[in-house]
Structures are given as structure tokens and as C-alpha cells.
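There are 2 protein chains.
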Amino acid sequence: MSTLAIATAKEVFDLLRDDLSAIEREFSNDAVSSVAAITDISDYLREGGGKRIRPSLLLLSAKAQGYSGHGMIRLGSVVEMIHTATLVHDDIIDAADTRRGRPSANTTWGNAKCVLAGDWLYMQAFRVALDERNFKVLDLLIGLTQQMVEGELLQMEKLGHSIIEEEYNDLIYRKTACLFEVSMRLGSELAGATEEVEEQMGEYGHSLGMAFQIVDDVLDLTATEEVLGKPVASDLREGKATLAVIHSLENGTDADRKAIEMVLTDQNFSRVTHAEIVSILTRNGSVDHAMGVAMRYAETARGALSVLPESEFKRALLWVPDFVLAREK
Amino acid sequence: MSTLAIATAKEVFDLLRDDLSAIEREFSNDAVSSVAAITDISDYLREGGGKRIRPSLLLLSAKAQGYSGHGMIRLGSVVEMIHTATLVHDDIIDAADTRRGRPSANTTWGNAKCVLAGDWLYMQAFRVALDERNFKVLDLLIGLTQQMVEGELLQMEKLGHSIIEEEYNDLIYRKTACLFEVSMRLGSELAGATEEVEEQMGEYGHSLGMAFQIVDDVLDLTATEEVLGKPVASDLREGKATLAVIHSLENGTDADRKAIEMVLTDQNFSRVTHAEIVSILTRNGSVDHAMGVAMRYAETARGALSVLPESEFKRALLWVPDFVLAREK
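Which chain is which? The protein sequence lines are V and D, in order. Under the numbering used here, the residues of the first sequence are numbered 449 to 777, in order. Under the numbering used here, the residues of the second sequence are numbered 449 to 777, in order.
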């Protein structure tokens with residue numbers, strides 16, 4: 449690696465290639481049950497891909513703190529299993545038809561089997577984590593899954609309603625930032641970091657996760673169906689107000705507010721078109737506002753890394769927030 | 449307590465009264481979430497009652513081995529929370545309308561919230577168990593929940609089909625005996641028992657659980673709707689062959705087999721009546737066979753207690769198998 453800043457996703461991927469392959473093998477071995485349906489469902493989900501951001505963060509955190517043992521492979525698989533378990537149950541809850549451009553597991557295997565497969569994946573994640581024989585690791589993981597499950601319930605209760613920015617922040621923390629934070633903290637835990645360093649790693653994961661989800665929510669409003677691999681403005685169609693929308697609710701005209709609330713209530717664009725919503729958001733500078741908030745989170749994330757010694761892994765972590773801000777899907 | 453054998457449920461209840469009350473309080477405190485829906489659902493389920501057999505076994509096991517700390521209250525709440533979580537998810541899977549004579553949680557709150565509430569209860573059970581700071585306790589609990597979840601999936605795959613006794617044994621082990629076994633083992637774990645004693649306590653719980661479920665399944669076939677609080681032969685209506693039915697499948701005439709398979713396929717009594725099934729089972733001595741198997745399990749359970757020193761708790765444990773065999777609902 450050069451001593452210059454890392455500039456491409458490929459450089460980061462090269463840095464983690466072997467460990468990410470090891471995590472894929474670990475996940476593939478971990479998620480085998482004596483009950484065929486469970487193995488089938490988890491294979492299907494694992495093969496569906498995903499960006500493996502959470503295990504990558506865990507690896508970078510552990511390695512930037514000097515750790516190189518098998519624990520990071522094991523816990524890398526664990527955070528991806530937990531992420532997968534939440535997706536299975538979320539798809540049931542949202543009655544989703546597709547996930548990552550393929551039929552969602554519940555459309556293929558039915559809700560009942562997917563409830564149980566999700567349960568099993570949670571348990572298996574804890575079982576594998578238990579092999580670390582580290583109570584703090586278990587505290588982090590179990591606290592995390594409860595936050596996520598509670599977040600999903602809070603989200604359900606808010607569907608179709610306008611919410612304030614504070615509620616939005618809590619929802620995306622639970623949905624995304626919490627697992628990013630725990631992935632970073634687990635790296636510290638493995639490396640035997642001080643409480644102070646672990647706090648900073650947690651801060652990095654938290655801020656990065658907030659930035660990631662805000663950008664995700666902006667793209668849902670502004671990108672094309674082709675790029676997203678799903679209908680545009682899916683959040684609004686599900687009755688979810690995200691940051692840019694909340695900004696226009698709070699800063700737009702009465703007519704703007706009425707138009708947005710109509711879409712949230714209808715959960716479709718029959719009375720107000722998608723183009724009208726985009727025009728409202730643009731006129732109020734709401735997309736720029738959301739991207740500005742994401743940028744500030746990205747800056748906070750980078751700042752938290754000052755406790756780390758220089759290394760190619762630290763440089764990769766410094767690069768990730770830019771990647772998150774610049775991504776187009 | 450007298451030094452004679454314990455003779456009534458009231459005597460056992462008196463022995464455990466204070467600790468069971470403490471477990472109720474612990475459960476009630478443990479199952480409080482910052483998300484109202486979770487607390488509501490878990491309160492509803494907790495107040496629905498149930499016999500608290502699993503915490504009672506855990507208490508008797510711990511106390512018969514000389515333990516008297518708070519761990520038995522905490523883990524008593526944990527096993528009841530796990531039991532409750534499985535009931536919530538099972539009701540979704542079975543699309544059940546009622547549970548313990550009241551509307552099931554899913555009919556009141558909907559499947560989506562109940563998936564999440566069940567998830568949360570599992571996590572909370574692990575979180576509370578984690579406070580014991582005992583890896584073996586966590587190994588037992590997580591292994592257990594996986595067995596139960598896998599069992600529910602295996603059961604789904606067998607609905608509507610005739611099964612053999614070996615498959616039935618595996619299903620009821622996972623459904624019931626496994627948690628009875630773990631409750632007894634947790635008592636040993638708390639008391640710091642030797643491996644040998646823990647094995648015997650596990651054997652007791654396992655055998656008692658098998659007897660309990662066999663009797664439960666017999667009562668489903670032979671008791672009245674009034675006593676059961678649900679329609680008679682619910683298992684057959686769900687396409688489940690239980691021990692007495694399997695005995696008639698294997699030992700009855702071709703006509704018997706055909707009649708039973710018709711009910712399993714139809715999942716109702718439109719072509720073959722419930723009375724006809726009962727008459728087939730009676731003619732083949734199938735109910736007696738099932739009760740005989742349950743009695744042998746009860747005997748094995750009692751035998752496993754020989755490793756325990758004499759105490760009123762041991763006497764209570766000796767009494768439980770008879771109670772299980774004699775119960776009418």
C-alpha cells in the first residue's frame with residue numbers, strides 16, 4: 449500500500465480480500481442446520497449478496513488496532529448473520545416482494561418458515577459469538593438486537609404520519625447506525641482497546657451509520673428506479689418520512705406540508721406525483737439540507753479516528769465516509 | 449413439611465410460593481421495554497398465566513441441590529420468557545385464534561408486531577441470563593432455543609403426513625422435553641453440581657417432559673372440549689399425528705390406517721368422525737400404549753433422582769411425574 453490516502457473501493461477491498469473470503473466461508477459453515485429449510489433460506493440470503501459493510505468495518509477496526517486473530521472472522525460472520533436475520537423478519541413485516549432485486553425469502557418459503565429461519569439465525573449468531581467466551585461481546589450484540597427490534601416496532605407505529613427530526617434520528621440509529629457502531633466496538637473489544645478508544649470507534653461507527661442511512665434515504669427520493677433496483681420513493685410509498693421530507697414539512701409552505709402529508713397517508717402518488725414531491729424538496733433546499741447533515745456526520749466519523757495510530761487500515765477508515773457520501777446506490 | 453412423600457399440588461406450591469412470586473415480579477420487571485407495544489404484548493402473555501412448570505422445575509432442581517441465591521429467580525424468569533417467546537411465534541405460524549382460552553396475541557396486535565415482540569422476548573431472556581456471567585448457562589439456553597425453533601420447522605414439514613414413533617419422539621423432545629431438561633440443568637449449574645449429577649437432572653427433565661407431552665397429546669384426543677378449553681383433537685385438525693395415533697397407524701387394520709390418513713390429509717372430521725377415530729384407537733389399545741410409554745418415562749425420571757440427597761424438594765420432584773400422569777387437562 450502507498451502511504452498516501454486510499455482512493456478507491458478496490459484498494460480497500462484488496463486490503464480485506466482474504467479476510468472477507470474467510471468470513472464468507474465462516475458464514476457459509478455457521479449457517480448450516482440439520483433442518484434443510486433453515487440451511488436453504490440462509491444460503492439463499494447469503495448468496496443474495498449485500499455489500500458486507502458491517503464485517504468490513506469490524507475487520508478494519510480490529511486490524512487498525514493491531515488485532516489479527518480468528519475472532520474477527522467469527523464476529524464478522526456474526527454481524528452479517530444478525531443483519532441477515534433482521535432482513536428476513538423485516539421482509540415479513542413489510543410484506544416485501546423483493547430484496548436486493550430477487551424475490552424476498554418470504555415469497556418463496558412463506559412467512560411461517562421465515563419467522564423461524566430468522567429466529568434461528570439470531571440464535572446461531574449468538575451461539576457463534578459465545579465461542580469467543582467474552583461477556584462484553586455478548587452484551588454488545590444482545591443490546592444491539594433489542595435496539596434494532598424496538599426500532600422496527602417504533603417505525604411501524606409511525607408509518608403514514610409525519611415525524612420530527614429527533615424521531616427520524618432515533619429510527620435510523622436503530623435501523624443502521626447501531627449495528628455499524630457495534631461492529632466497530634467489537635473490533636476494539638477483540639483488540640483489547642481502552643474504554644476511551646472503544647468509545648471513539650463507537651462514535652465513528654455511529655456517525656458513519658447515520659451518514660450512510662441519510663444518503664440511502666436521499667437516494668430513495670432522487671435516484672432512478674434503474675439505479676435503485678426498486679421503485680423510486682419506496683419510503684414515501686410505505687408512509688415513511690425521511691430527513692429531506694421532514695425538512696420540507698418543517699420549512700415548506702402550508703401547501704407543501706399538505707402535499708407531503710397526502711402522500712404519507714395515501715402511501716402512493718395518486719393525488720400528488722413523485723415529480724411534485726421532488727420539486728417541493730428542491731425548492732426548499734431539503735435534499736441539500738439532508739446531504740449537509742450527512743456530511744457533518746461523515747466529518748465527525750473521521751474526527752473520531754484521531755485516537756488510532758497511522759496504518760493502511762486507518763487510512764481505509766478515513767476514506768469510507770467519502771465513499772458513503774459519494775455513492776449513487 | 450412432613451417427612452412423608454408429598455401428596456398434593458398445594459404442598460409443592462406452598463414449598464415454592466415465595467420464589468414463584470419473586471419470579472413473577474422478576475418477569476414483570478424484565479419484560480418492560482421503552483416501546484409500549486412490546487410491554488403490552490408481554491404483559492398480556494404473562495397475565496394469561498400458564499402453569500409455570502418450567503420455573504418450578506428450575507427452583508426444585510436448584511433447591512434440591514442446596515442452592516438459594518437470586519440466580520434461580522432470574523433464570524426462572526428467563527425460562528418462562530423463552531417459553532412465552534416460542535408461544536408468540538408459534539401462534540403466528542399456526543395462525544392460532546386462541547391461546548389459553550383468550551384471543552392469541554397475533555389476533556390482537558397483528559403478526560408483524562408479534563414477530564418483533566417474540567424476537568424481543570428471546571433477546572431479553574438472553575440479556576437477563578447474561579447477568580449471571582456464566583457461559584455454560586448461555587450455552588444451554590441458546591442451544592435450547594435452536595432445538596425448539598428447528599423442531600417447529602420439522603413439525604411444519606410433517607403436517608398432514610403420517611410419521612413414525614422416532615420422528616414423534618424427536619418432535620416432542622424439541623417442543624417440550626428440551627426446555628424441561630434445560631430448566632433442570634440450570635438448577636444444577638447454579639448449584640455448582642458435578643457433571644454426573646447435572647446429567648441425571650437433565651435425564652429427569654427430559655423424561656418428565658416426554659411424559660408430559662405424551663399425556664398432553666392423549667388428552668387432546670380423549671378429553672372434552674370443556675376440559676381442554678379448545679376443540680377436541682386439535683392435533684389431528686392441524687394434521688399432526690401423535691403417539692396413540694401413530695400406534696394405530698402401525699398396528700391397526702388397513703381400514704384404520706386409511707381412516708386416520710384421511711383425517712390427517714383433510715385436517716378435519718368431514719369424512720371420518722372424531723368418534724370413529726377414538727373407537728379405532730380404543731380397539732387397538734393405542735391410548736393405553738401411549739399412557740404406558742408415558743408411565744415408563746415417569747419411572748425413568750424418578751430413577752434419575754437417586755443422586756440427590758433427601759429433602760422436601762427431592763420429595764416434590766419425586767411427586768411431579770405422578771401429577772403429570774394423573775392430570776386431566
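Heads up, the beta-carbon is just placed ideally off N, CA and C, and yes, glycines get one too.
- Assigned with DSSP and collapsed to three states, D:Thr556 falls in helix.
- Of all C-beta pairs linking the region 602 to 615 of chain D to the region 503 to 520 of chain D, fewer than three are shorter than 8 Å, placing the two stretches out of contact.
- Shown here, V:Arg731 sits in a helix according to DSSP, grouped into three states.
- When C-alpha distances from V:Ser490 are compared across V:Ala565, V:Val645, V:Trp767, the shortest belongs to V:Ala565.
- Under DSSP, V:Thr672 shares a beta bridge with no residue.
- Interface with chain D (7 Å Cβ-Cβ cutoff): V:Ile530 is excluded.
- In the DSSP assignment, D:Pro769 falls within the unbroken alpha helix (DSSP H) covering 760 to 774.
- One thing to note: V:Arg575 has its Cβ no nearer than 7 Å to the Cβ of V:His531.
- Taking 7 Å as the cut-off, the beta carbon of V:Ala749 is found no closer than this to the beta carbon of V:Leu667.
- Here V:Thr748 carries a helix assignment [DSSP, helix/strand/coil].
- Rounded to whole angstroms, the Cβ separation of V:Glu598 and D:Val741 is 44 Å, and the two are not in contact under 8 Å.
- Look at the region 567 to 578 of chain D: the residues with a C-beta under 8 Å from a C-beta of chain V are Asp567, Trp568, Tyr570, Met571, Gln572, Phe574, Arg575, Leu578.
- Neighbours of V:Lys561 across chain D, judged by C-beta separation under 8 Å: Leu601, Met604.
- In this structure, V:Met529 lies away from D:Gln594, with their beta-carbon atoms at least 7 Å apart.
- Put simply, the CB of V:Arg581 is near chain D, with a gap under 7 Å to one of its CB atoms.
- Neighbours of V:Asp587 across chain D, judged by C-beta separation under 7 Å: Leu578.
- The alpha carbon of D:Cys626 has as its nearest neighbour, out of D:Phe660, D:Asp538, D:Glu673, the alpha carbon of D:Phe660.
- Using a Cβ-Cβ cut-off of 9 Å, D:Ser490 is close to nothing in chain V; its nearest Cβ partner there is about 12 Å away.
- Beta-bridge partners assigned by DSSP to V:Thr546: V:Pro551.
- For V:Lys688, there is no enclosing alpha helix (DSSP H), as DSSP marks it with neither H nor E.
- Separation of D:Ile620 and V:Glu651 (C-alpha to C-alpha, rounded to the nearest whole angstrom) is 47 Å.
- Close to chain D, meaning a Cβ-Cβ distance shorter than 7 Å, are the following residues of the region 523 to 548 of chain V: His537, Ile540, Ile541.
- Judged by beta-carbon spacing, D:Val711 lies within the 7 Å limit of D:Leu684, meaning their Cβ atoms are closer than that value.
- Residues of the same chain with a CB within less than 6 Å of the CB of V:Gln603, apart from the 5 flanking positions on each side, are Leu619 in chain order.
- V:His518 sits in coil when the DSSP states are folded into three classes, being neither helix nor strand.
- Spanning the alpha carbons of V:Asp664 and D:Tyr745 requires a straight line of approximately 58 Å.
- A direct Cα-to-Cα measurement between D:Glu674 and D:Arg547 gives close to 15 Å.
- In the three-state reduction of the DSSP assignment, V:Asp579 falls in the coil class, being assigned neither a helical nor a strand state.
- At least 7 Å separates the CB of D:Glu698 from every CB of chain V.
- Apart from sequence neighbours up to five positions away, the residues of its chain that approach V:Ser696 with a beta-carbon distance below 7 Å are Asp704, Ile708, Ile728, Leu729, Asn732, Ser734, ordered along the chain.
- V:Tyr616 places its beta carbon less than 7 Å from that of V:Leu691.
- V:Glu686 has a beta carbon lying at 7 Å or more from every beta carbon in chain D.
- Take D:Arg550, set aside five residues on each side of it, and the residues of its chain with a beta-carbon closer than 7 Å to its own are Gly496, in chain order.
- Taking all protein chains in view, the Cβ of V:Val480 is surrounded by fewer than 16 other Cβ atoms within 10 Å, so the residue is classified as exposed.
- Around the CB of D:Asp539, 16 or more other CB atoms lie within 10 Å, so the residue is classed as buried.
- Contact annotation, D:Leu773 with D:Leu753: C-beta distance approximately 16 Å; criterion of less than 8 Å not satisfied.
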